[in-house]
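Numbers 60 to 1230, taken from my numbering, label the letters of the sequence shown in order.
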Amino acid sequence: MPLDIEKRIFEYISSKSDKGHDAVKKEFFTGLYILLGDNQLTVAGLTDEIKSLSPEQRKSLFYSRFKKAEESEAAELIQELYKLLNVSLTINDMATIVKEGITNRTEEILKEIRYKNWLENPAAAREKKDLDHELKGLLQWNNPENQGKSLAQVLYKSWSIKQLPEESLKSVLNTIYKKAPDFFPQFLHETYSLCRTEEKSEFLEEVTSFIEKNEKIAPYFIKADIDFAIKWIEESPEEEIGFYYFQLPSSMQREVFSYFKENPKVHEAIQKATADLLFSGGPSKKGKEKGFDQAEKENIIAVLTHPEIRAAETNSREYQHVLSLITERHTKEFHAAIDKDVQERAVNGIKDYLDKKNPAGEKYQFFKELRNSIRRDGLSKDLIHRFYEQGKKLLLKPTRAQQLWNDLGGLNERAEELKTPGAIKERAHQLFTGERIPQTALDDSIISVIGDLQSKADVLLQGKTQRRQLVEAQYQQYIHQQALELIAKQDKPIFDPQGHALALVHLQENDYQQILKNCGLDWHGSAKDVLEDIIGPVTETIFCNIDVADDKDLSSRFNEWLDREESDFFEEFKDDRGSIIALQEEMSVHVFLALRVLQEKVFPGKLNLKIGDDFRQELMEKINQRIQNLIKKAMEECDKAALDEPSIDKVALLNKIMDEARLELAQACREDLVDTVLERVEEDEKDEIIEQLASLKKHDFTSKTATGLDYLRNDVRNQTIVRITATDETAHDKKIGHQAIRVLNRNHYRSKEVRPYHDDTSEARVPSIAVGVDENVIFRMPGTQKREHQQAIDDVVKKLKESRALMQKMRPDYHGPMTYNLLTSLHGKAKDILPKVELQNRQRKSAARIFKGSHVYNRELMEKGNSQGFTFVQNIPVNQHGEALNDNDMDKAVREATLLTNMAMLATLRHHAAKFSPAMQKSLEETYQQSQKLYQAFLASGKADGTHYFSSSKEGEDLIKILNEKKAEWKENKPLSARGNLSDMVVKTLFNMYSQNAHYNKQFGMLIQALSVFVEPMSEAGCKSANERYQAVSGRVELLKSISSRKWEELSEAEQDLVLELDRFAVEGGGCEKLQECMDVAYNLYNLQGSVASISEEDQAASSKIKSSKNKANEGVISEYNTNVAETSRLTRLSQKNSSSMQSHKAELSEVYRDLFGQKMLESLSDLAMK
C-alpha cells in the first residue's frame, strides 16, 4: 500500500478530537486505517463500513465547515481509498453517497466492480490480484499469513495439509461460484495446477463430488481444465455427453474429442451429438421439416469447410440450412453484440463532443449524464425518449448538440434494423462468402459462430483423418516387413554404419490390395489408386533404410560384416547409432543421381537401368565392400584410441574418419558406377556414349533429385519410422511452377509394429518457394523488375495453394491456419549488393516475395469466405547469422518478418489454448481475433497486391502495438504447471518464449523453430534449399517425437534433462540458454543423422555441409562469420567438412563423368591392345 494515503489518514485521525463530528470521523477512519495497515481493506469491506453508518453518522463523517460535504477531506480520503482499490468515484458519485448513503443498487455496483474489471481483462495481473484480494476478504482469508498469496494458493495450502474439511471446501467453492461464476473455473484451474501429481486425483474427486450435488455448476466446472472435462464427460450418461461437450470452448472440444479417440462410447456420443446439431431437419420445398440423406450431409460439411463448394452452392438447400444454423440459434447473442457496438459508438461520440465543451456548461452536464446512463444501461429507444424530455430545450437549435442527438437517434434506429432476422441473415451470408470482412461486434459474433460450426464439421471429418493415419501406418508396416524379408534373403545385405541395411522395395497391385485388406477396407478398381486417394501419391519403388537392431539374424550378420567378434555393435552403440554418419546411404544416393542422369541424358533406351533392377543392387554391393573395409579400419582405430583415452567419444571419432574419407570414397564409387555401366555396354555403342557425354551440363545434375523415390527409415532405439514422399524437383533448380515439396509421414515404431502418433500434426519440407532472378545481373530496368516480381508473387500464391491441398490430404479434419516456417537469415536492404550476402542466394528478395505473396494468397482466401485457413510465415533465422527480429528495425523486410512471425506464433498458441487456464484461453482467443480483424482490414484495403508490407500499414502498426502490450501482460501471467506430457510442456514453453520475446534473440532461433514445428497443427518448413538448416530443425523435431512416445524409464539422462528443463521453463520462463543446451546435447547424441539427413542426399547427392562452431567460451553462441557454421559447439559429433565438395551444384559432376568414361574407355582399349 502506498505510504501517502496511510500517512494522510493517520494525520487526519490525529487531528480529530473525541467529540461531536470529530468522534465519528476518528472512529470511522481508525477502523479503515487498521485494515489498510494489515492489507485487509477490500471494496466490499469499505462499502460495508460506509453503508453501516446511520444518516446522522454519515452527516457527521462528511461534515465540513468550509466545503461541500462531497468535497470534504473525509470524502476525498474515501475517494482515494476506492482509487487505491482500483475503483474510480467522481464528485457526483460522492455527492450521491453523501446524500443517500450506500443504496442497494450502489452496493451491488461497487461490490461487483473488481469482478467486472477481471471479466474485461482476465489475463491482466492487476485485475486478477484485485479479485483474489476481494474474494479472500469475503472468505476471511486476508490475514497476515496469507498476504501476497493468491486465492488458489491459500486454498491449496489449507487443503493439502488437511486443515480444510470437505464441507469447508464445498462451502468455499459455493461462495466463489455465487460471487464470481466465470472466475470459478479459473480458480479451480489454478488450485489444481498447484497440486502435486499424486494429489491431483484426490482434489479432482473431492471437487467432482461437490459438483455432482450441484449440477448447475457443471458447465463452469468442466471449463477449468482438460482433466476436469474428461472426467465429467466420461462419467456422464450417454445422452448428456453432447450437452456438456458443447459447453466447452472450441479448443477444449478439440482436445477432449482427441482424447476419446479410443473410447467408442464417448467418441460416438460426441459424433452423434455433433451430427444432430449440424443435420437437424431443414426446410423442404413444401415447407415441411425433413432430414438430410448421406449425400446432403456430406454437402453440408463441404459448405462449411470448402469455400469453392460454398460459393457454388449458395442457392442449395444445404447452404440455406447452414445459414439458418448460423443465424437462427444465436439471435440473443447477436442482439447483444449489436447493443454493445452501438453502446461503444454512442459513448465515443459523446466523448468527442464533451472533449470540446466547457465542463461547467449545462449541455456538458446533460450529455455527461447521458453518457453514463448509456454506459450502464446501453442505448435504447426508451432511454433516448427519457433524456429528450429532460433536455429538449438544449436541442432545439441546429447546433453540434442537436447533430449529436440526431446521430444517436440514427444509431439506435440502425441497430433496430440490424436486429431483424433478414438483416442478420444477409450479414451472415456476406461474411460466410467473403463479400464482407468483419468490422463490427455483430460481424465478430457471426464469425465466431461460423468458426464454431466449422470446428464441429471437422469433428465429423476426423474419421477420415484417422483412416488416413491408420492406412499410412499399415502401409509403412508393410513396406518395412517387405524390406526385412528382402534383406534377409540377400547373400550380401547392403549394411550401413548405423547398424541399418538398405533395400529397394518394389510394390505391385497385389501388394496394394494386401495393404487395403490389412486395413479392413473394401475397394473397387485399382488398389493403388484407392490407396493414393487416402494417403496421397506414392512411388511403386521405395528406397528403404531399415534398422536391423530388432532382427536377431540380421543384427548378427551385421556384427559379422564388421568383424565384431568380441563386442556387440548394437550393445556398444545402442544409444548412439542415430548420430553415426549413414555413409552407405550417402554414397549410394550420390551415384544414383549420376545413374539417373546417364540413363536419361546419355544413353536412354540403351541400357536396362530401370529403378529396382539388379544393376542398382550390384552397384550398392560394390560400394558396400568399400564401406565395409573403411568401417572395419575405422572401428579398429576407435578401439585403439579408446584404450589410450577411455573417455573418448567413439562416435565423434568414427564420424571424423568417415568425413575425411568422403572425397576419395566418392570418387571410387563413381568409378564403380562407370565400370558397372561399361560392363553392360556393347563396343559399338561407346562412340555414341562419348558423343552424348560431351553435351552433359551441370544443370543435368542439379535439376533432378537422385532417385525420385519415396524414402522409408526406421530407428529402433528412438522408436521412430518415417516415410518421406518423393519429388523430382530440386532446391537448386527453382522455376516458376516447380516446387520441391516433400511430406513427412511420421509414426511410432516398436517391436516391428507401426502405430500412428497420438498427436495431430502434419509436416512438410519445402525449399524457399519464391523464384529468384539471374544472380549475375545486379541492376535491371524498372519494367523488367516489376514483371519478374509479379511473376514471382503469382508463383508464390500458386505454390501455397498446392502446399495446402497436399497438407489437407494429411489432415482432412483441420481447416485452420498453416504455418510456413521460413528458416532463412535476415539482413537489411543496404547489403543487397554484397556478393557474399544477397547476390549469392537472393535470400532477402526471396523472403520479401514470400511475405507479400502470402498476403495475396490470404486475400484470395478471404474473398472466398475462407478466413480460417490463412498461411502465416514464421521467419525466425536458425543459423545465428544476419539480423535479429525487431519491431523497430530500420529495414522494412525485417519488421515484416517480425510481425508475421508474431502472428504465426500467436496462431499456434491459440490452437493449443485448451492447455492454458480459462482466463488465458479467453485472452489468446480475443487477441487472435483482434489480430485477424486488423489483418483482414489490410487484406481488404487494396494494399495486399504483392507490393506492400502489412507492417507498414496503419493496421499493421496498430497490431504491433497490441501484441507488444499483450506480451507484456502475458509475461506476468505464466502457466502454473504443465500437464506432464511433452506437447503441453512445449506449448507453454513457447508461450513464455513468445511473451518475453526470446524469438527476437538469434541465439535461440533453431530451438524455437524446432519447438514450433513439433506442435504446429499444419506446417511446411525450409530455408533456401530446405536441406541443411531444415535438417537441423526437423531432426530436433524427430527427437521430440521420439521422446514424446517413449516411457520415462526408456529415456536417457540427456533426454530426461531436456524434458525436465522444458517442464521448468514452461512454468518459470526466464533464460533460454539451459534449454538450448539440453536440446543441442540430446540431438548431438541421438539423432544427428536421423531420417531427415536423407533429404539433403536426395536433393544434392551429398550430405549437409553445416558445421559446428568452435566457440567454447560461450557454447550457445555461433561467433564465426561463415554462414555454413550454423550449429553450436555442443554438436561434437558433427563432421561434414568434406560434404560441400560432393554436392551436385559444386562437384562439377558433368566434367567428372566425362573424364571417368574417357579414362575407363582408354584403359579398356589399352587392355585390348596388350592382348
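Think of the CB as a built atom: it goes at the ideal place given N, C-alpha and C, for glycine as much as any other residue.
Could you give the DSSP three-state label for residue i: helix, strand or coil?
i            : result
residue 106  : helix
residue 950  : coil
residue 1014 : helix
residue 1231 : The chain is shown from 60 up to 1230; residue 1231 falls before or after that span and cannot be answered.
residue 933  : strand
residue 74   : coil
residue 125  : coil
residue 898  : Because the pLDDT of residue 898 is 45, which lies under 50, any placement of that residue in the model is unreliable, and the question is left without a value.
residue 309  : helix
residue 358  : helix
residue 559  : strand
residue 242  : coil
residue 146  : coil
residue 25   : Beyond the ends of the chain as shown, which are 60 and 1230, falls residue 25; an answer cannot be given.
residue 662  : coil
residue 1154 : helix
residue 1113 : helix
residue 268  : helix
residue 1087 : helix
residue 437  : coil
residue 564  : strand
residue 1192 : coil
residue 343  : Its pLDDT being 38, under 50, residue 343 is placed unreliably by the model, and the measurement read from it follows with that caveat. Of the three classes helix, strand and coil, the one that applies to residue 343 here is coil, per DSSP.
Along the alpha helix (DSSP H) that carries residue i, what are the first and last residues, could you check?
i            : result
residue 394  : 390–413
residue 728  : 709–737
residue 880  : Counting along the chain, residue 880 falls outside any alpha helix (DSSP H), though it belongs to the beta strand (DSSP E) covering 877–881.
residue 169  : 163–179
residue 1186 : From DSSP, residue 1186 is part of no alpha helix (DSSP H) but of the beta strand (DSSP E) over 1184–1186.
residue 776  : Taken as a continuous stretch (DSSP letters only), residue 776 belongs to no alpha helix (DSSP H), as it is neither H nor E.
residue 1079 : Careful: residue 1079 lies outside any alpha helix (DSSP H), inside the beta strand (DSSP E) at 1077–1081.
residue 92   : 79–96
If I'm right that residue i touches residue j with Cβ under 8 Å, what's the distance once you round it to whole angstroms?
i            : j            : result
residue 639  : residue 538  : Incorrect: roughly 23 Å between the Cβ atoms, too far for contact.
residue 959  : residue 931  : 6 Å
residue 822  : residue 1078 : 6 Å
residue 1122 : residue 1137 : At roughly 11 Å, the Cβ-Cβ gap does not stay under 8 Å, so residue 1122 and residue 1137 are not in contact.
residue 1047 : residue 1037 : 5 Å
residue 508  : residue 385  : 5 Å
Does the beta-carbon distance from residue i to residue j come in below 9 Å?
i            : j            : result
residue 174  : residue 193  : yes
residue 622  : residue 681  : no
residue 1183 : residue 1203 : no
residue 964  : residue 1053 : yes
residue 562  : residue 574  : no
residue 564  : residue 541  : yes
residue 807  : residue 1150 : no
residue 915  : residue 852  : yes
residue 981  : residue 314  : no
residue 332  : residue 300  : yes
residue 510  : residue 466  : no
residue 772  : residue 917  : no
When you measure from the CB of residue i to every non-hydrogen atom of the ligand ATP, does any distance come out below 8 Å?
i           : result
residue 616 : Of ligands this structure carries none, so the ligand ATP is not represented either.
Starting from residue i and walking both ways along the beta strand (DSSP E), at which residues does that stretch end?
i           : result
residue 812 : 812–815
residue 823 : 821–824
residue 779 : 779–783
residue 680 : Premise fails: residue 680 lies in the alpha helix (DSSP H), 673–703, not in any beta strand (DSSP E).
residue 326 : Where residue 326 is concerned, there is no enclosing beta strand (DSSP E), although the alpha helix (DSSP H) it sits in stretches over 323–338.
residue 804 : 801–809
Fill in: Those runs of the alpha helix (DSSP H) which lie wholly inside the region 973–1043 and span at least 4 residues
You should have 977–998, 1013–1030.
Fill in: 4 or more residues per run - each alpha helix (DSSP H) lying fully within the region 596–640
Unbroken alpha helix (DSSP H) runs of no fewer than 4 residues, entirely contained in the region 596–640, are found at 611–621, 628–631, following chain order.
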